[in-house]
């Protein structure tokens with residue numbers, strides 16, 4: 060899989076000094092970074108195999124400054140890449156050599172906590188976990204909880220429609236965001252949604268959530284907060300076969316039980332997590348399920364007994380039920396630390412993200428094992444098992460010639476398997492540049508052109524985050540035709556590291 064980005068505009072680069080001066084006039088002080096050394100931290104996001112220094116970095120601190128920056132770039136025909144905390148695993152915040160990187164790290168304030176309406180109004184740079192921490196004293200929390208929640212920003216969560224271990228029952232970001240303030244590339248500031256769960260007109264929040272920075276820059280987010288459940292307990296269930304664990308997942312959901320979270324790890328992921336966190340995971344199993352049940356205490360007790368019976372009926376070899384909040388959190392600690400844990404056993408790894416129907420989980424795992432043997436690369440599997448979101452971690456060593464190419468080919472084949480089994484290319488990491496060239500595996504040219512027409516309605520010049528999501532860019536004027544034969548923009552190769 061070759062990552063390609065839009066060709067650099069040499070005319071824009073020739074005006075770099077003037078652009079930097081204009082941006083300094085809008086964001087004075089330390090708000091503009093233009094030296095090569097100081098821009099190094101911005102040259103990559105969580106997909107660290109790909110790096111590209113931006114032309115210049117600008118760090119506005121107010122919505123008005125964002126508006127002025129975007130208006131200037133629109134009038135001057137300058138590309139803009141929005142960036143939150145830079146934790147994207149799909150290259151969504153990868154900079155452009157002739158583009159402005161617009162960082163939102165200064166937007167760190169929670170603007171309002173409204174317990175009456177059960178919402179929090181926050182700036183986009185606030186971390187996911189900080190929202191829950193801000194309302195914990197009143198017994199509330201924000202439900203979506205990505206593994207990177209200590210670092211990832213809520214604005215990035217909206218851009219990628221992030222998930223997390225508790226999204227099976229409580230939904231993805233799109234189910235928990237009620238409103239946004241967005242700055243368009245023209246500098247116009249619009250409000251979409253609000254504190255109410257119901258709004259009239261088109262579902263623009265549904266369009267903005269998961270739009271990956273292609274439609275506008277988010278400067279405010281209104282999220283739904285929930286009361287903490289009265290009781291939450293977790294089961295840690297081991298199986299001698301991965302297929303048996305997959306069958307257990309299907310039977311639990313088939314019985315009408317919706318756990319607060321249901322995660323799966325295979326043997327390599329279990330061993331890596333246990334060595335890192337010492338959560339007490341059994342090491343003699345092929346698959347481990349962590350199943351959390353929450354609600355009124357009497358209901359949780361009943362559900363635990365039903366889930367325990369299902370697990371034993373599927374042949375579980377170990378089963379442990381948390382008896383305290385400390386123990387429940389320890390069960391989850393290993394799962395949430397799985398990614399850094401795998402980083403301790405391999406020089407490099409590629410974290411994939413695809414989704415399949417739950418019933419296809421055993422087949423998907425068998426196919427991934429076959430691909431692992433074919434490519435000669437190890438893989439550790441971590442899943443949001445309840446909703447079929449797979450996170451295979453492909454282990455490789457970038458210092459060995461050809462291994463990165465093999466890892467990318469392996470990852471692309473996993474995503475093709477997801478689509479073949481009736482799933483989709485991404486569950487929560489977004490398309491970015493990582494999956495962009497695989498979009499035709501899932502969408503026809505007509506589908507992709509129609510999606511680009513929507514982008515054109517927001518960004519007719521294609522200045523916001525170009526090179527992401529769409530494998531081929533068309534000029535908006537050309538998309539008015541039924542059949543598109545011209546107007547394509549070329550993508551040169553981007554160097555990897």
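Residue numbers (the numbering used here): 60 to 556.
Yeah, the Cβ is synthetic: ideal placement off N, Cα and C, and Gly gets one too.
Keep in mind the model is a prediction, meaning the values are calculated, not measured.
- Would you verify that the beta carbon of residue 197 is, or is not, closer than 7 Å to some beta carbon of chain B? Among the chains in the structure shown there is no chain B, since it carries only a single protein chain.
- Query: Within this structure, are the beta carbons of residue 349 and residue 366 separated by less than 7 Å?
  - Reply: no
- Given residue 528 as reference, the closest of 500, 534, 493, 515 once Cα atoms are compared: 493
- Closer than 7 Å by C-beta to residue 178: which residues in its own chain qualify, once you throw out the five before and the five after it? Chain order, please. 237, 254, 281, 282, 283, 284
- Message: Can you check which of these residues, 297, 382, 334, is closest to residue 347 by C-alpha distance?
- Response: 297
- Task: Out of 147, 213, 197, state which residue places its alpha-carbon closest to the alpha-carbon of residue 168.
- Result: 213
- Three-state class that DSSP yields for residue 550 in the structure shown: With a pLDDT of 48 at residue 550, under the threshold of 50, the predicted position of this residue should be treated as unreliable, though the coordinate-derived value follows. Coil, per DSSP.
- Query: How should residue 261 be labelled, buried or exposed, when 16 other C-beta atoms within 10 angstroms of its C-beta is the threshold for buried?
  - Reply: exposed
- Task: Please classify residue 423: is it buried, with 16 or more other beta-carbons within 10 angstroms of its beta-carbon, or exposed?
- Result: buried
- Task: Measure how close the beta-carbons of residue 139 and residue 132 come, nearest whole angstrom, since I'm counting them as under 8 Å.
- Result: 5 Å
- With a floor of 3 residues, list each beta strand (DSSP E) that falls wholly inside the segment 62-124, ordered by position along the chain. 115-117
- Item | Environment of residue 509 [buried if 16+ CB atoms lie within 10 Å] | exposed
- Item | For residue 276 and residue 160, believed in contact at Cβ under 8 Å, the rounded distance | With 8 Å as the limit, residue 160 and residue 276 do not qualify as a contact, their Cβ atoms being about 12 Å apart.
- CB contact flag (residue 392, residue 338, <7 Å): yes
- Task: Could you tell me the distance, in whole angstroms, from the CA atom of residue 77 to the CA atom of residue 163?
- Result: 23 Å
- Message: Please return the same chain residues whose Cβ sits closer than 7 Å to the Cβ of residue 73, not counting the five positions on each side in sequence.
- Response: none
- Task: Pair every Cβ in the segment 425-442 with every Cβ in the segment 375-383, then say whether three or more of these pairs are closer than 8 Å.
- Result: no
- Please state if the CB of residue 166 and the CB of residue 197 are separated by a distance shorter than 7 Å. no
- Considering only C-alpha positions, which residue in the set 271, 303, 65 is nearest to residue 155? 65
- Minimum C-alpha distance to residue 324 - residue among 295, 318, 312: 295
- Task: Tell me residue 212's beta-bridge partners as DSSP assigns them.
- Result: 186
- Message: Here's the rule: buried if 16 or more other CB atoms are within 10 angstroms of the residue's CB, otherwise exposed. What is residue 504?
- Response: exposed
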